[in-house]
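Chains as they are written, first to last, in the working numbering: chain Y, 17 to 327; chain A, 9 to 287.
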């Protein structure tokens, strides 16, 4: 395989009339990466992956997927990518084994259907008609169809939307089995925990623009973000003069100190409290912003755009 | 890993894939009991109803010719309507359903050649239509005294009319999906042309007895020509004179052939793999 990025996109734009669904996206995804496009509904995630899958044509910019312009993807190119669609396709009258083997037969080097069915955890249901499966089981069939061709690159478009929390976790395990095969995976999701659980890098997409690309734990400068130390000035501390705490704020008797060195601040405060005869700082907490906090801040009010971008 | 899976590295051929699609289509058909039941039973029900209503009615021939058993008049019409039902109506409905549930989108995201999808559909309807026609001929002969053609030439005409009718109506069914807004509406949008054509193409009523303008409208579409060509195989020559002013087999072939070509072109132009995705 070539050494360049598996997916490379520059200035990718898509507009529907006056509505700009994608407003110029730059992105490179390397071989073996699990990359998540994270964003609220209507942000442009599906538009973006469907352009990369060759389902939609871009309005502007450049796109290369496995070295090929997705608008010109031929059968041989299609054989190298796997697609797990957002909608669950019903082959109601076929059994799970039959559907997986049938779709596998379109590819030059399919994985054995029985093995793929085992991997998605449908061993017990292999002889059941797809029409009789639950929603979660149908999603697993869909995942199996995306992987059965043993593609180099797999697109998963909101693989767990509509599943209950247990079903989502099970499906993550299924996806992890496949990502362990060192495939490149592009995933879209509006669940933060899903991006964090599965992806090595996350691109946050808001209103058609990619606002940040980073590993989940660094998202929004989270690693370097200021921690907050809070405690209550109660009891013997009520009248005591505070030590020098830059940026500290008071709200009633609660003191909040934003700091890059929370350990030092807590040490300083505990010495101060001890000096005033209080061995414990009342109501002490040390918090860092959660990924959720950072994400919500990034997405902002614009994130809740609901203006009918065609799905 | 790929090599361990036993693949050849070669893309499967169109022939292999078309065969695979045909098998899957047939499986899906047979596993849908209500579809099987109505496809094979409805035409037989028509046969029963017509036979009961018209009993032993006969069509008077010219002087010196024995009258024609009316059953022999209507069975080719019912067979032709059955072909249109399992090809045009069935394909228009099933393809638009598959369009709206995302099956076509799913298939078009795989390396399956698009032709293989259509060849699979054709393979399925050819098999189903053949069985349906064989059942009607068998039931007609065994229970209703329908007289089958006795010479190879009449059978051959029946054969090519059947093939051209199947091809033209299948292609038109696929093209017609463009007029169907969504899967739920499919049945409602497909029924009118199919029903109306049965009335004006010599299926439910004698073609010679409907008003001239209706004949003219019916004569535009393939069902009339299919019924006419099949009727040639089951009725004496004087009937063709009386009913159509002569059998005119070359024109039957020309009309069905033209509709096959036109249907194919329309299907290619109108068919959408990826409905409503803004591509």
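Ideal Cβ placement from N, Cα and C applies to all residues, glycine included.
Chain A within 9 Å of residue 114 of chain Y, Cβ atoms only: By this cut-off, residue 114 of chain Y is an interface position.
Per-residue contacts from residue 144 of chain A into chain Y (C-beta, under 7 Å): The premise fails here: residue 144 of chain A is roughly 25 Å from chain Y at the closest Cβ pair, so nothing lies under 7 Å.
Residue 295 of chain Y (DSSP reduced to helix, strand or coil): Residue 295 of chain Y falls in the coil class under three-state DSSP.
Nearest-angstrom Cα separation, counted from residue 243 of chain Y out to residue 99 of chain Y: Those two C-alpha atoms are separated by around 41 Å.
Buried versus exposed call for residue 219 of chain A [16 or more other C-beta atoms within 10 Å across all chains shown]: Exposed is the label assigned to residue 219 of chain A, since fewer than 16 other Cβ atoms lie within 10 Å of its Cβ.
Between the CA atoms of residue 189 of chain A and residue 136 of chain Y - distance to the nearest angstrom: As the crow flies, the alpha-carbon of residue 136 of chain Y is around 35 Å from that of residue 189 of chain A.
Inter-residue Cα distance where the pair is residue 247 of chain A and residue 69 of chain A: Rounded to whole angstroms, the gap between the alpha carbons of residue 247 of chain A and residue 69 of chain A is 7 Å.
Selection from A:30, A:102, A:92 and A:21 that minimises the alpha carbon distance to residue 43 of chain A: It is A:102.
Segments assigned alpha helix (DSSP H), at least 4 residues, entirely inside the segment 31–113 of chain A: Whole alpha helix (DSSP H) segments, 4+ residues: 41–62, 78–92 and 98–108.
Cβ-based burial, residue 311 of chain Y [other Cβ within 10 Å; buried from 16]: So residue 311 of chain Y counts as buried.
DSSP three-state assignment for residue 178 of chain A, whether helix, strand or coil: Three-state result, residue 178 of chain A: helix.
Residue range of the beta strand (DSSP E) that includes residue 218 of chain A: DSSP places residue 218 of chain A in no beta strand (DSSP E); its state is neither H nor E.
Cβ-heavy atom distance, residue 151 of chain Y to the ligand SAH, below 8 Å: No copy of the ligand SAH appears in this structure; indeed no ligand is present at all.
Selection from Y:213, Y:81, Y:185 and Y:104 that minimises the alpha carbon distance to residue 162 of chain Y: Between residue 162 of chain Y and the set Y:213, Y:81, Y:185 and Y:104, the nearest pair of CA atoms involves Y:104.
Counted within 10 angstroms of its Cβ, other Cβ atoms place residue 164 of chain Y as buried (16 or more) or exposed: Of the other Cβ atoms in all chains shown, 16 or more fall within 10 Å of the Cβ of residue 164 of chain Y; this residue is therefore buried.
Candidates Y:31, Y:102, Y:58 and Y:54: closest to residue 74 of chain Y by CA position: When each option's Cα is compared against that of residue 74 of chain Y, the closest is Y:31.
is_contact[residue 123 of chain Y, chain A] using C-beta, thresh 9 Å: With respect to chain A, the C-beta atom of residue 123 of chain Y has a partner C-beta closer than 9 Å.
Residue 215 of chain Y to residue 52 of chain Y span [Cα, whole Å]: The alpha-carbon atoms of residue 215 of chain Y and residue 52 of chain Y are separated by roughly 6 Å.
Interface flag, residue 107 of chain Y vs chain A, CB-CB below 9 Å: It does: the Cβ of residue 107 of chain Y has a partner Cβ on chain A nearer than 9 Å.
CB contact below 9 Å: residue 25 of chain A versus chain Y: For residue 25 of chain A, the closest Cβ of chain Y is nearer than 9 Å.
Residue 35 of chain A: contacting residues in chain Y (beta-carbon distance under 9 Å): Ordered by position in chain Y, the residues that pass the 9 Å Cβ test against residue 35 of chain A are 109, 110 and 114.
Proximity test, Cβ basis, 9 Å: residue 153 of chain Y and chain A: When Cβ-Cβ separations below 9 Å define contact, residue 153 of chain Y makes no contact with chain A.
The segment 21–31 of chain A touching the segment 81–96 of chain Y, judged by at least three CB pairs closer than 8 Å: By the C-beta criterion, the segment 21–31 of chain A is judged not to be in contact with the segment 81–96 of chain Y, since fewer than 3 inter-stretch pairs fall below 8 Å.
Beta-carbon proximity of residue 210 of chain Y to residue 249 of chain Y, cut-off 9 Å: The answer is no: Cβ separation not under 9 Å.
Short CB-CB distance (under 9 Å) between residue 324 of chain Y and chain A: Because the pLDDT of residue 324 of chain Y is 42, which lies under 50, any placement of that residue in the model is unreliable, and the number read from its coordinates should be weighed accordingly. Taking 9 Å as the threshold, the shortest C-beta distance from residue 324 of chain Y to chain A does not fall below it.
Residue closest to residue 177 of chain A, alpha-carbon to alpha-carbon, out of A:144, A:239 and A:198: Of the residues A:144, A:239 and A:198, the one whose Cα lies closest to the Cα of residue 177 of chain A is A:198.
Neighbourhood of residue 55 of chain Y by C-beta distance below 7 Å, restricted to the same chain and skipping five residues each side: Excluding residues within five positions, the ones whose Cβ falls inside 7 Å are 61, 206, 220, 221 and 222.
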